[in-house]
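Have a look at the structure below before the remarks.
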Amino acid sequence: MLKQLLTTIAMTGALMAAQPSLAASPPNMLVIGTNLTGIRTLDPAQNNARTVSELISNLYDNLVQLSPDDLKTLKPMLATKWEVSPDGKVITLTLRDDAVFQSGNKVTAEDAAWSIQRVIKMGQVGSTDVALWGFTADNVEKLVRAKDEHTLEIELPQAVNTDLVLYSLAGSSIGIVDKKTVLSHEANGDFGGAWLSANSAGSGPFSLAQWRPNDVAIFNAQPKYWGGKPAMARVVARHIPESGNLRLQLEAGDVDVGQYVASGDLDALSTNKDMVIENVPGLGFYYIALNQKDPDLQKPKVREAFQYAFDWKAISGNIMRHTGFPWQSMIPRGMIGAPEEAAVRYDYDPAKAKQLLAEAGYPNGLKKVLNPSGAPTLPFAEALQASARAAGIDLDLVPGEFTPAFRERKFEVLLGNSGARLPDPFAVATQYAFNPNNSDEARLGSYYLWRTGMKVDELNTLIDQSMKERDTEKRTDIFKKMDGIYAGMASPLVIFFQRTDPYVMRANVKGYHGHTTWSTRWHDVTKE
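Residue numbering for the sequence shown follows my numbering, starting at 83 and increasing by one per position.
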């Protein structure tokens, strides 16, 4: 069960005295040191990645929400209650009557309907989850509708497990926006997207005071927030991409919360009594991606050789100690259909890798270009390069930000990590095993199997079944079958670790909790 997954969260305190604090952020201000690289906009409809999801989750309320410690139980937010019709085709949500946007406009069912319509019609990455249920730019206005000022109806265009639909409504991309305010800033039919890139129009506990890409985002508390005024008058998210610098600022008290701290710095901070480290299990993996448009990598024995070419055990105790744990199933630990024990299916075996390469026609080994998906995966990529060399695979490591190239299928070998926001194996299976159209023109960059250029019809069918099935036992069997197929096909996505996300907090910070679905909220944060 998912709660089993959540029990792995480790709260690490200090054993040794820390250096004296040289400075401290004000008691009513939270300073977060993070990595803002690549965040071009704070429009919820145009985002679905980790860091920006947290920022957006504090500007915009959702209809429903998931607690950090219980990812299976939906809780009220803007919607006070909801019900599903007996045939599973219509979800009716009743909205609270005391919520207002930062403009002062009341939050209505029309705002909620338009927010969902907007996400679908814009067709940006924010629509990835909700579009799976069959909504299109042509049908969403008819199917997602305000019945009255406080009643929202969502009619599903196809058979879907309604739990999945409700989970998607808790995602930051479906934050409810102020229709009147956003439309007043619309330009050239952009649904207000340009204006929302650096402005906010939400009903959340904070409003956006300042946004400078790759530098800083500043948020002011909303005193009339329906959930009560936040304790923090201001939250500042600072771009501090260099881990050593972030560690120093945490130690000095200039920063209260640190994200994306490197393993070595985490080790040092773990012995500081003024720090707490929270390792939050993620719904994604660290993987090697092999481009199937490359004739060499198309060969199953070559793909299989990569399974045995990485000495993953050597880094599990250092580089990956805080950021992942060994796991080689496509179903995350603790979810229905996942193996009950550690899913270790291949180990480092250079001789076996060389044998497989020889059987594939490469007795003298293979040479390819290796790209990390970004800076956080570079140490992992360096470790892979070293161990693969002994296995007959010469990888030319070219550092940089290669996520865009991965989306465009313009790579040979890539080392990446992923996450998902729906707390259900369907979400991860869709990411790793779904590809309904393998053509370049399809541009299905949300699906990693499409990025690698492989299409498996049986997996597509099973994923579709898992989306529609409502019986838990039947869904469990579907995911087990799916995982068995994936394990036996020498996948072009070679999974080694399930991710965890470490958050470092100064010990005087209370109520800040990293969220598996990246929707950490600051409303209840205090400082002692």
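From the three backbone atoms N, C-alpha and C, an ideal C-beta is built for every residue, glycine too.
In whole angstroms, what is the alpha-carbon distance linking Lys-434 and Asp-546?
Along the sequence shown, one-based indexing puts residue 434 at 352. Along the sequence shown, one-based indexing puts residue 546 at 464. Taking the straight line joining both Cα atoms gives about 36 Å.
Leu-104, DSSP secondary structure in three states
Here residue 104 corresponds to residue number 22 of the sequence shown, with the count starting at 1. With a pLDDT of 42 at Leu-104, under the threshold of 50, the modelled position of that residue is not reliable, and no figure is offered here.
Quick one: is Ala-420 buried, meaning 16 or more other Cβ sit within 10 Å of its Cβ, or exposed?
Position 338 of the sequence shown, counting from 1, holds the residue named residue 420. Ala-420 is buried by the Cβ-count criterion.
Should Val-134 and Val-339 be called a contact, given that it needs their Cβ atoms to be closer than 9 Å?
Here residue 134 refers to the residue found at position 52 of the sequence shown. Here residue 339 refers to the residue found at position 257 of the sequence shown. Against a cut-off of 9 Å, the Cβ pair of Val-339 and Val-134 comes out as no contact.
With Gly-284 and Leu-141 assumed to form a contact (beta carbons below 8 Å), what rounded beta-carbon distance in angstroms separates them?
Indexing the sequence shown from 1 puts residue 284 at position 202. Indexing the sequence shown from 1 puts residue 141 at position 59. Going by Cβ atoms, the distance from Gly-284 to Leu-141 rounds to 4 Å, so yes, they are a contact pair.
Is it buried or exposed, Gly-310, if we count other Cβ atoms within 10 angstroms and call 16 or more buried?
Reading the sequence shown from its first residue, position 228 is the one you call residue 310. That one is exposed.
Consult DSSP for Gly-474 and reduce its assignment to one of helix, strand or coil.
Position 392 of the sequence shown, counted from the first residue, corresponds to residue 474. Per DSSP, reduced to three states, the secondary structure at Gly-474 is coil, with no helix or strand assignment.
First through last residue of the alpha helix (DSSP H) which encompasses Asn-590:
Taking the sequence shown and counting its residues from 1, one reaches residue 590 at position 508. Unbroken run through Asn-590: none, as it is neither H nor E.
Counting only the same chain and skipping the five closest in sequence on each side, list residues whose C-beta sits under 6 Å from that of Ser-282.
Position 200 of the sequence shown, counted from the first residue, corresponds to residue 282. Taken in chain order, the residues that qualify are Leu-141, Ser-289, Leu-290.
Beta-bridge pairing of Pro-363 - partner residues as DSSP gives them
For the purposes of this step, residue 363 is taken as residue 281 along the sequence shown, with counting starting at 1. Pro-363 is bridged to Thr-582.
Cβ of Ile-258 within 9 Å of Cβ of Leu-160?
Numbered from its first residue, the sequence shown carries residue 258 at position 176. Numbered from its first residue, the sequence shown carries residue 160 at position 78. Cβ atoms of Ile-258 and Leu-160: closer than 9 Å.
If Ser-139 sits next to Arg-603, beta carbons under 8 Å apart, how far is it from one beta carbon to the other, in whole angstroms?
For the purposes of this step, residue 139 is taken as the residue at position 57 of the sequence shown. For the purposes of this step, residue 603 is taken as the residue at position 521 of the sequence shown. Contact flag correct, Cβ pair sits at about 6 Å.
Check Val-259 in the structure and name its three-state DSSP category.
As a position in the sequence shown, residue 259 is number 177, starting the count at 1. In the structure shown, Val-259 sits in coil (DSSP, three-state: anything other than H, G, I, E or B).
Note down, in chain order, each residue of its chain lying with its Cβ closer than 6 Å to the Cβ of Glu-610, except the 5 sequence neighbours on either side.
Taking the first residue of the sequence shown as position 1, residue 610 is located at position 528. Taken in chain order, the residues that qualify are Asn-590.
I need the DSSP call for Lys-306, collapsed to helix, strand or coil.
Numbered from its first residue, the sequence shown carries residue 306 at position 224. Note: Lys-306 maps to coil in three-state DSSP.
Alpha carbons only, please: which of Thr-174, Asp-347, Ala-391, Asp-230 is nearest the one belonging to Val-247?
Stepping through the sequence shown from its first residue, residue 247 is reached at position 165. If we check each option's Cα against that of Val-247, Thr-174 comes out closest.
By the three-class DSSP mapping on this structure, what secondary structure does Tyr-368 have?
Translated into positions along the sequence shown, residue 368 becomes position 286. In this structure, Tyr-368 counts as strand in the three-state DSSP scheme.
Look at Phe-493 and Ala-371 and say whether their C-beta atoms are less than 9 Å apart.
The residue you call residue 493 lines up with position 411 of the sequence shown. The residue you call residue 371 lines up with position 289 of the sequence shown. Yes, the pair counts as a contact, with Cβ atoms nearer than the cut-off.
Cβ pair Gln-389, Val-576 closer than 9 Å
Numbered from its first residue, the sequence shown carries residue 389 at position 307. Numbered from its first residue, the sequence shown carries residue 576 at position 494. Taking 9 Å as the Cβ cut-off, Gln-389 and Val-576 qualify as a contacting pair.
Could you check where the beta strand (DSSP E) with Asn-687 kicks off and where it finishes?
Limits of the chain in this structure are 83 at one end and 610 at the other, which puts residue 687 out of reach.
Straight-line CA distance for Pro-312 to Gly-535?
Numbered from 1 along the sequence shown, position 230 holds the residue referred to as residue 312. Numbered from 1 along the sequence shown, position 453 holds the residue referred to as residue 535. Straight-line measurement puts the Cα of Gly-535 at about 47 Å from the Cα of Pro-312.
Going by DSSP, which residues form a beta bridge with Phe-217?
In the sequence shown, residue 217 corresponds to position 135, counting from 1. Answer is none; Phe-217 lacks a bridge partner.
Is DSSP giving Pro-158 helix, strand or coil here?
If you number the sequence shown from 1, residue 158 lands on position 76. Correct three-state label for Pro-158: strand.
Residue of Pro-481, Asp-606, Thr-263, Tyr-594 minimising C-alpha distance to Gln-341
Within the sequence shown, residue 341 is the residue found at index 259, counting from 1. Ranking Pro-481, Asp-606, Thr-263, Tyr-594 by Cα distance to Gln-341 puts Tyr-594 first.
Around the Cβ of Pro-445, are there at least 16 other Cβ atoms within 10 angstroms (buried) or fewer (exposed)?
Residue mapping note: residue 445 aligns to position 363 of the sequence shown, counting from 1. Exposed is the call here.
Please state the DSSP three-state secondary structure of Gln-380.
To locate residue 380, count along the sequence shown from 1; it is residue 298. The answer is coil: DSSP assigns Gln-380 none of H, G, I, E or B.
Whole runs of the alpha helix (DSSP H) within the segment 131-213, excluding any shorter than 4 residues:
132-139, 191-204
Bridge partners of Lys-450, per DSSP?
Against the sequence shown, residue 450 aligns to sequence position 368. Lys-450 is bridged to Leu-477.
9 Å Cβ cutoff met for Leu-148 and Leu-177:
Position 66 of the sequence shown, counted from the start, is the residue given in the question as residue 148. Position 95 of the sequence shown, counted from the start, is the residue given in the question as residue 177. For Leu-148 and Leu-177, no; Cβs fall outside 9 Å.
Do the segment 525-545 and the segment 396-404 touch if we need at least three Cβ pairs shorter than 8 Å?
no
Could you pull the start and end residues of the beta strand (DSSP E) that Glu-235 belongs to?
Along the sequence shown, one-based indexing puts residue 235 at 153. That run of the beta strand (DSSP E) goes 233-237.
Whether Gly-498 touches Tyr-368 by CB criterion (9 Å)
One-based indexing of the sequence shown puts residue 498 at position 416. One-based indexing of the sequence shown puts residue 368 at position 286. Yes, Cβ-Cβ distance for Gly-498 and Tyr-368 is below 9 Å.
Which value, in whole angstroms, describes the spacing of the CA atoms of Asp-152 and Gln-380?
Within the sequence shown, numbered from 1, the residue matching residue 152 stands at position 70. Within the sequence shown, numbered from 1, the residue matching residue 380 stands at position 298. So the alpha carbons of these two residues sit roughly 41 Å apart.
Identify which residue in Met-111, Lys-154, Asn-110, Ala-457 has its Cα closest to the Cα of Arg-503.
On the sequence shown, residue 503 is found 421 positions in, with the first residue counted as 1. When each option's Cα is compared against that of Arg-503, the closest is Lys-154.
Determine, using beta-carbon pairs with one atom in the segment 122-136 and one in the segment 450-458, whether at least three such pairs fall under 8 Å.
no
By DSSP, does Asp-616 sit in helix, in strand, or in coil?
Past the edges of the chain, shown from 83 to 610, lies residue 616, and the structure says nothing about it.
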